[in-house]
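A quick write-up on the structure given underneath.
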Amino acid sequence: MALTKFPLETDQPRVEVTLPPGRHVLELVVEDSAGLRSEPDTVTVTVREELPLPEIAGISPVSGVAGRSVRAAINGRHLQGATAVRFDGRGVTARILSSADPERLVVQVNVASNASPGARGFSVTTPAGTARSPEGVNFTVKAAEEPSTITGIEPSSGRAGTTVSAVINGTNLLGARSVAFSGTGVSAEISGRVSATRVPVRITISSRASTGPRSFYITTPSGRVMSPRNVTFTVQAAEVMRRITGIEPSSGRAGRTVNAVITGSGLDGASAVTFNGTGVTARISGRVSSTRVPVSITISRLAPSGARSFYVTTPAGRITSPRGVTFNVSGIIVVPPGELGVSAVEGIGPAYTERLTGAGISNAAALAEAEPSKVAGVLGISEERAKVLINNARKKIEEGRG
27 MALTKFPLET DQPRVEVTLP PGRHVLELVV EDSAGLRSEP DTVTVTVREE LPLPEIAGIS
87 PVSGVAGRSV RAAINGRHLQ GATAVRFDGR GVTARILSSA DPERLVVQVN VASNASPGAR
147 GFSVTTPAGT ARSPEGVNFT VKAAEEPSTI TGIEPSSGRA GTTVSAVING TNLLGARSVA
207 FSGTGVSAEI SGRVSATRVP VRITISSRAS TGPRSFYITT PSGRVMSPRN VTFTVQAAEV
267 MRRITGIEPS SGRAGRTVNA VITGSGLDGA SAVTFNGTGV TARISGRVSS TRVPVSITIS
327 RLAPSGARSF YVTTPAGRIT SPRGVTFNVS GIIVVPPGEL GVSAVEGIGP AYTERLTGAG
387 ISNAAALAEA EPSKVAGVLG ISEERAKVLI NNARKKIEEG RG
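Remember, my numbering sits 26 above the position in the sequence shown when you count from 1.
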């Protein structure tokens, strides 16, 4: 910086000079009345800008819990460059996190676990000086909160593919916001009024959710509350519909043995098949699955004709055939001498013979007079095909007469 000369005429040893902020080098020369001058002398002077004192307008948040730390912002003016924040009393300290903004000072307030509850005034120190919080601007220490706990859940289990209404029990659960379970396939939503000891939830369990115990947690204003090791919610396997849907073939003639297959669901472990009435017995004749039970059905020559219901014995209990699923027993076909049996008609084999006989059409004459719709229904064929068989019966009868 260039030298600044000050040719001043004064008989006083004191000289006053006004300088702008910054660093200045002054050259001093003393000259007497005779015109004699001293050797120049230099003086370096640094002029600092006068800074305004800090001002405090507020703090947010305005409180903290004993034993915890909280990030807070002190608002005001001329807070830049703050070097210290101090709270009244004991147990509350602060660490400055950001001091670049003149109107916002960010600090971490650490509240000791033994800090006394109550309002605390505070101060902010900057290079320009120290400011105290005004009346009404305080940081309040709150007593330490009792920890939140989970003590149980009722019911404590549910089947895959269902929705369960449950209640989580515990302490200090007021303000619970959400509930989450470990793993995948299980979700929950709070379904009612929350209290300090109860959180009602609706738990949705996916049909694909893996079975087994699940831990869970509740989110509260103070954080997550985990269920203890001995409190879990167990996902159970989806309930299987245990039923019989059919039997094929669904009929047999007295004096015969029929190999059939019973179909349905939940048939695993089937150990026996039993028909109602007398004269019909069965044994499992092959590999059983959840949907199929192969059986060998023995029909006595004396078995009464008619539809029979039946049941399958499994480890889970009996599964009874529904009303529309039966096994029909038809009597032994006896064709009077000279009368053409239905089996003599072209196109009628043993299976059709058995079905027609069971329906009361036991000879060619009866078939020749039958309605096509009835024959079609008994044999499970079209009416056009039934008309062909009826015509064949008539032809057979004509042949016999010729």
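Even glycine gets a Cβ: it sits at the ideal position worked out from N, Cα and C.
Remark: fewer than three beta-carbon pairs, one from each stretch, lie closer than 8 Å, so the stretch 62-74 and the stretch 142-150 are not flagged as touching. In the assembly as shown, R240 is a buried residue. Its beta-carbon has 16 or more other beta-carbons within 10 Å. Note: R318 is bridge-paired with T289 in the DSSP secondary-structure output. In the displayed model, A412 falls within a helix according to three-state DSSP.
For V167, the secondary structure class from DSSP, reduced to helix, strand or coil, is strand.
Under the three-pair Cβ rule at 8 Å, the stretch 246-255 does not count as touching the stretch 294-309. Taking a contact as a CB-CB distance under 8 Å, the pair L366 and I323 does not count as one, their CB atoms being some 29 Å apart.
Using a C-beta cut-off of 8 Å, the stretch 188-207 makes no contact with the stretch 266-284, since fewer than three inter-stretch Cβ pairs fall below that distance.
Take the alpha-carbon of V368 and the one of R309: they are about 31 Å apart. Less than 9 Å divides the Cβ of V404 from the Cβ of R381. Spanning the alpha carbons of S408 and A402 requires a straight line of approximately 6 Å. A buried status is given to T340, since no fewer than 16 other beta-carbon atoms sit within 10 Å of its beta-carbon.
DSSP places N256 in the coil class of the three-state scheme, outside both helix and strand.
Q106 has no beta-bridge partner at all, per DSSP.
According to DSSP, R121 shares a beta bridge with Q134.
Beta-bridge annotation (DSSP): G332 is paired with V355.
Cβ atoms of V338 and V355 stay farther apart than 8 Å, at about 19 Å.
T166 counts as exposed, since fewer than 16 other C-beta atoms from the protein chains shown sit within 10 angstroms of its C-beta. Between I216 and V190, the CB-CB gap reaches or exceeds 9 Å. When C-beta atoms of the stretch 277-286 are compared with those of the stretch 252-262, fewer than three pairs fall below 8 Å, so the two segments do not count as touching. Residue nearest to T210 within the set V118, R250 and V261 is V261 (criterion: CA-CA distance).
CA-CA distance, V205 to N164, rounds to 36 Å. About 6 Å separates the beta carbon of S125 from that of G107, a gap short enough to meet the 8 Å contact definition.
Taking the CA atoms as reference points, N101 sits about 17 Å from G155. Look at I374 here: in three-state DSSP terms it is coil, with no helix or strand label. DSSP places S233 in the coil class of the three-state scheme, outside both helix and strand.
Just so you know, the alpha carbons of R344 and T237 end up roughly 26 Å apart. By the 16-neighbour rule on beta-carbons within 10 angstroms, S347 is buried. In the structure shown, A145 falls within a strand segment according to DSSP collapsed to helix, strand and coil.
Under the three-state reduction of DSSP, E425 is assigned to helix. Taken atom to atom, the span from the alpha-carbon of V227 to that of I179 is near 10 Å. Rounded to whole angstroms, the gap between the alpha carbons of A390 and A419 is 5 Å.
Separation of S316 and G384 (C-alpha to C-alpha, rounded to the nearest whole angstrom) is 31 Å. Residues of the same chain with a CB within less than 8 Å of the CB of P153, apart from the 5 flanking positions on each side, are L77, G107 and T109 in chain order. At the C-beta level, G295 and V321 stay beyond 9 Å of one another.
By the neighbour-count criterion, in which a residue is buried when 16 or more other Cβ atoms sit within 10 angstroms of its Cβ, A214 is buried.
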